[in-house]
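234 is the number of the first residue of the sequence shown in the working numbering; add one for each residue after it.
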Amino acid sequence: MTTTSKAKLRFSAITLFPEMFAAVTQQGVVGRAIKKGEVEVDLINPRDFTTDRHRTVDDRPYGGGPGMLMKVEPLEKAINSAKQDKPGKVIYLSPQGEKLDHQMMAQLSREKHIVLVAGRYEGIDERLLNKHVDLELSLGDFVLSGGELGAMVIIDAVTRLMPGVLGHSDSADEDSFVDGLLDHPHFTRPEVYDGAKVPDVLLSGNHQHIEDWRLQQRLGRTWLRRPDLIAERELTQKEQKLLEAFQRQHSDLKNTDF
């Protein structure tokens, strides 16, 4: 994969399906960051560290049961290869891991080298986890066929938090979850589309009114869609007033007869 010794962050993805990563490394934000030399993505296949002619990477679990487990030796050699010239934080993508959120992505963006282990089959040997894995992470309370999608999510989300990667310096700062709130609504041309008009405040040219409206919308959307985030947030006096006004407007709309 594209490599450069000047990259600010290296991702090493250990996967049986390296071709899957083209979806994130060859286009979009990550693709541009790789071309600029900001990010490096290495793809390491455990099959390259097998010694039998069938390149076997799985075996039956002790104690019986359905499915197969990834073998320890090829995975261990792949991890050691990834860290050979640069130590890194080893992350295993697992439904048993800590659930990913923005704060975790922000922490990871401060790393220099992240090794992502994408498991397959029924998982990997517990002894390898105990010896080599620093952190287990999960996308959520569901199961995927492998860890590749989770690894790609981390690569994308962490890359876009790196300074200079996004086109606008404020883009990442204004994303959902950065300060515990969801994003506000966005509008572009045309001014009227299918009878729906852009809110007047956004056409007013009054930057303070626009800023207040956007904050109110962020508070309101979070209250409607993620009340748990609002419950955790200590609102300022201004935020409380804006949210109360939004709640009144929302209540009036609900009670309006059409």
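Glycine included, every Cβ here is placed at the ideal spot set by N, Cα and C. Note that the coordinates shown come from a computational prediction; the quantities given were computed from them, not determined experimentally.
With DSSP run on the structure shown, which of helix, strand or coil describes residue i?
i: Lys-316; result: coil
i: Gln-482; result: helix
i: Glu-369; result: strand
i: Lys-322; result: strand
i: Lys-474; result: helix
i: His-335; result: helix
i: Leu-377; result: coil
i: Glu-306; result: helix
i: Leu-394; result: coil
i: Val-290; result: coil
i: Pro-279; result: helix
i: Gly-330; result: strand
i: Gly-297; result: coil
i: Asp-389; result: helix
i: Met-234; result: Only weak support exists for where Met-234 lies, its pLDDT of 44 falling under 50; the coordinates are left without a value.
Verify whether the separation of the beta carbon atoms of residue i and residue j is less than 8 Å.
i: Met-303; j: Asp-291; result: yes
i: Gly-380; j: Val-425; result: no
i: Ala-246; j: Val-274; result: yes
i: Leu-370; j: Gly-352; result: no
i: Glu-271; j: Gly-397; result: yes
i: Ala-478; j: Gln-441; result: no
i: Val-386; j: Pro-328; result: no
i: Pro-251; j: Phe-282; result: no
i: Lys-268; j: Met-395; result: no
i: Tyr-354; j: Gly-413; result: no
i: Ile-312; j: Asp-367; result: no
i: Asn-446; j: Val-431; result: Here residue 446 is Trp; the residue named in the question, Asn, does not match the sequence. Against a cut-off of 8 Å, the Cβ pair of Val-431 and Trp-446 comes out as no contact.
i: Glu-472; j: Leu-452; result: yes
i: Leu-415; j: Arg-458; result: yes
When we look at the beta-carbon of residue i and count the other beta-carbons within 10 Å, is it buried (16 or more) or exposed?
i: Gly-321; result: buried
i: Gly-438; result: exposed
i: Thr-421; result: exposed
i: Gly-297; result: exposed
i: Ala-266; result: buried
i: Ala-429; result: exposed
i: Gln-336; result: exposed
i: Thr-236; result: Caution applies to Thr-236, whose pLDDT of 44 falls short of 50 and renders its modelled position unreliable; the model cannot decide the point.
i: Ser-378; result: exposed
i: Leu-436; result: exposed
i: Ser-342; result: buried
i: Gly-373; result: exposed
i: Thr-455; result: buried
Pull up the DSSP beta-bridge partners for residue i, would you.
i: Leu-399; result: DSSP, once it has assigned bridges, lists no residue as partnering Leu-399.
i: Leu-349; result: Ala-246, Ile-324
i: Ile-357; result: Met-303
Does chain D have any CB closer than 8 Å to the CB of residue i?
i: Pro-299; result: Chain labels in this structure do not include chain D; a single protein chain is all it has.
Considering only residues of the stretch 237-276, which uninterrupted beta strand (DSSP E) runs meet the minimum length of 3 residues and lie entirely inside it, listed in chain order? Taken in chain order, the complete beta strand (DSSP E) segments of 3 or more residues contained in the stretch 237-276 are 242-247.
Mind listing, in chain order, the continuous alpha helix (DSSP H) runs of no fewer than 4 residues lying wholly within the stretch 402-470? The qualifying runs are 433-436, 440-458, 460-465.
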